[in-house]
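Asker: Provided herewith is a single structure, encoded as C-alpha cells, for subsequent inquiry.
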Amino acid sequence: SGGPPEQRTHEGYEWLFVLSGKLRLLLAEHDLVLEPGEAAEFDTRLPHWFGPAEDERVEFLSLFGPQGERMHVRAKPRRG
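Take the sequence shown: its position 73, counted from the start at 1, is 56 in this note's numbering, and no numbers get skipped.
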C-alpha cells in the first residue's frame, strides 16, 4: 500500500488524548504509538499525521485552535 502516510502542516497547536485503542502519531521524524490514557501536544507547523496504529478502531479526543479548524473541518454543518 505504498510508503508512510503523508504528513501535513498548518498553523496552530493540537492536543490528542487516546480513549481506547492505539493511535499512531507521525511527528516530523518521530513515529509514536499512544495508548489509552496517553496524550500528545504539538506545534502543528511540524509535519504530522495520526490514525489507527493497528487494524482496529481507535477513539481519541482532538483539541485544536481556530487555525487548525480549516484543516480538520471537512463537512458543512446541516441546517435544521
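Note that CB positions come from ideal geometry on N, CA and C, so glycine has one too.
For clarity, every value in this text was computed on a predicted model and none was experimentally measured.
Where LEU(-6) and ALA36 are concerned, what is the direct C-alpha to C-alpha distance, given to the nearest angstrom?
Answerer: Locating residue -6 in the sequence shown gives position 11, counting from the first residue. Locating residue 36 in the sequence shown gives position 53, counting from the first residue. Reading the sequence as shown, one finds Glu at residue -6 and not Leu. Those two C-alpha atoms are separated by around 25 Å.
Asker: To which residues of the same chain is LEU44 closer than 6 Å at the C-beta, ignoring the five residues directly before and after it?
Answerer: Along the sequence shown, one-based indexing puts residue 44 at 61. So the list reads PHE0, once near-sequence residues are dropped.
Asker: Quick one: using the 10 Å Cβ neighbour count with 16 as the cut-off for buried, is HIS31 buried or exposed?
Answerer: As a position in the sequence shown, residue 31 is number 48, starting the count at 1. It counts as buried.
Asker: Only counting the same chain, and skipping five residues up and downstream in sequence, which positions put a Cβ closer than 7 Å to that of LEU10?
Answerer: The residue you call residue 10 lines up with position 27 of the sequence shown. If we look at LEU10 and ignore the five residues flanking it on each side, its Cβ neighbours are PHE25, LEU29, HIS31.
Asker: Along the chain, where does the beta strand (DSSP E) containing PRO35 start, and where does it finish?
Answerer: Along the sequence shown, one-based indexing puts residue 35 at 52. Counting along the chain, the beta strand (DSSP E) containing PRO35 begins and ends at 31 to 35.
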